[in-house]
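Colleague:
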Amino acid sequence: MEPIKINVNKQNDGYTFVLLPSIRKRIKSLLPRAHPANMIHISYDTKRRFTISAGKLEKQIFPALLGINDPKDLMKLSEILFVDIHTGSVLYRVAPPSIN
Numbered sequence: 062m063e064p065i066k067i068n069v070n071k072q073n074d075g076y077t078f079v080l081l082p083s084i085r086k087r088i089k090s091l092l093p094r095a096h097p098a099n100m101i102h103i104s105y106d107t108k109r110r111f112t113i114s115a116g117k118l119e120k121q122i123f124p125a126l127l128g129i130n131d132p133k134d135l136m137k138l139s140e141i142l143f144v145d146i147h148t149g150s151v152l153y154r155v156a157p158p159s160i161n
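Residue numbers (the numbering used here): 62 to 161.
#1: Can you give me the Cβ contacts of L92 inside the same chain, cut-off strictly under 6 Å, excluding the 5 residues immediately before and after it?
#2: Quick one: which unbroken beta strand (DSSP E) runs of 3-plus residues sit fully inside the segment 114-152? Chain order, please.
#3: Run the CB neighbour count on Y76, radius 10 Å, all protein chains shown included, and call it buried at 16 or more, exposed below.
#4: Would you kindly report the start and end of the unbroken alpha helix (DSSP H) that includes P82?
#5: Going by C-alpha distance, which of V144, P64, A98 and H102 is nearest P82?
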């Protein structure tokens, strides 16, 4: 299965994590109970505080953005890539075995 790409846009006030319509459609066809969101915006302060207290924010962003609550559903997904929209480079990668 092709990786799921989450586009990341660094803005003046924080980060925006975006799913393209084609990815949302693919998630819905694979996991009909999922409710993917269009985007999630996180301010720099929130990201910094979260990282200090709980670790990598990305591990919390992707289930929320994909609209998936059940860990068994998460295991049905392929690799998840956080991609910088300006450079196309992969900023963060979540492989299926580490999704738990």
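Even for Gly, the Cβ is constructed at its ideal location relative to N, Cα and C.
Modeller: A quick look at the data gives this:
#1: D134
#2: 141-145
#3: buried
#4: P82 to L91
#5: A98
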